[in-house]
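Notes to accompany the following structure.
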Amino acid sequence: MKKIYLLLVSTISAASFAQTTITKAANDYVAPQSINSTNVIGTPNNSASGSGVTFDNSLLTSGTSVVSLVSIPSAGEITSFPGTTVKFEDGNGNSLFYKSSATLLEITGASISGATLSFSADNALFLKFPTSFPDTYTDNARGSFTNGTVSGLFRGTITTTADATGTLLLSGSTYNNILRVKTVQNYNLYQTSDTN
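Encoded structure:
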């Protein structure tokens, strides 16, 4: 009886750790790099959460192709976004700037649709290495923003949650051992004179 119990515990333990883990070696942005992807047409079904779930997105269809670029930031970009080691251009005219270290990927800045955020006062923790189900972490972030003629300060939080793992069904293909990671950023805007 003890041997069966030990075997059962060993099997459960092995199954519990046989999951997707986001590691620096396999998932970090490394320059130079091109990332080919395709926009999908339709609304993704991301309602499932937990372990061993199925994300049924089989009705989505392929849209336009997008090529994202990972590069080394220019001297001017490093000045604007201190600590930046990697620039990510999403293929749609938007740029994100990151500081990559052995265990973290932090947002140092963003230039999206005419708005610019600089996280120079406190970088935003985007991803920890390694991350696996059911990890969750929240980080404070703050800095300055500009949008045309409006500028000021911002402060808030970024929360990253690895809340589901399982199988993804997508346009006739099946992908096993998928880890869904959600990131929610919540910032308040302030006048430049409001230093509190």
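For the sequence shown, the numbering used here gives the first residue as 7, with consecutive numbering after it. Where is the CB? At the ideal position from N, CA and C, for every residue including glycine.
Close Cβ partners of residue i (< 8 Å) along its chain, the five nearest in sequence each way excluded
i      : result
Thr-44 : Ser-68, Gly-69, Thr-70, Ser-71, Val-72
Thr-90 : Pro-79, Glu-83, Ile-84, Phe-103, Tyr-104, Lys-105, Thr-114, Gly-115
Inter-residue Cα distance where the pair is residue i and residue j
i       : j       : result
Thr-189 : Ile-164 : 7 Å
Gly-178 : Asn-63  : 9 Å
Lys-30  : Ala-37  : 14 Å
Ala-81  : Pro-88  : 10 Å
Where residue i sits in the DSSP three-state scheme
i      : result
Thr-91 : coil
Asp-62 : strand
Alpha helix (DSSP H) segment containing residue i, residue limits
i      : result
Ser-86 : 81-86
Ala-54 : Element bounds for Ala-54: n/a, residue is neither H nor E.
9 Å Cβ cutoff met for residue i and residue j
i       : j       : result
Val-59  : Gly-172 : yes
Gln-39  : Leu-75  : yes
Val-187 : Asp-169 : yes
Thr-191 : Ala-108 : Note that residue 191 is Gln in the sequence shown, not Thr. Taking 9 Å as the Cβ cut-off, Gln-191 and Ala-108 do not qualify as a contacting pair.
Ser-138 : Thr-27  : yes
7 Å CB neighbourhood of residue i in its chain, flanking five on each side removed
i       : result
Asn-205 : Missing from the structure shown is residue 205; the chain here goes from 7 to 202 and no further.
Asp-141 : Ala-168
Ser-124 : Ser-86, Phe-87, Gly-115, Gly-149, Ser-150
Thr-198 : Ser-157, Gly-158, Leu-159
Range covered by the beta strand (DSSP E) that runs through residue i
i       : result
Asn-192 : 179-196
Ala-147 : 142-153
Ala-31  : It is not in any beta strand (DSSP E) - Ala-31 instead sits in the alpha helix (DSSP H) that spans 30-33.
Spatial neighbours of residue i in its chain, beta-carbon cut-off 6 Å, leaving aside the 5 residues before and after
i       : result
Thr-144 : Thr-163, Thr-165
Ile-47  : Thr-67, Gly-69
Leu-174 : Phe-61, Tyr-181, Ile-184
Check: residue i C-beta below 8 Å from any heavy atom of the ligand MN
i      : result
Pro-79 : No copy of the ligand MN appears in this structure; indeed no ligand is present at all.
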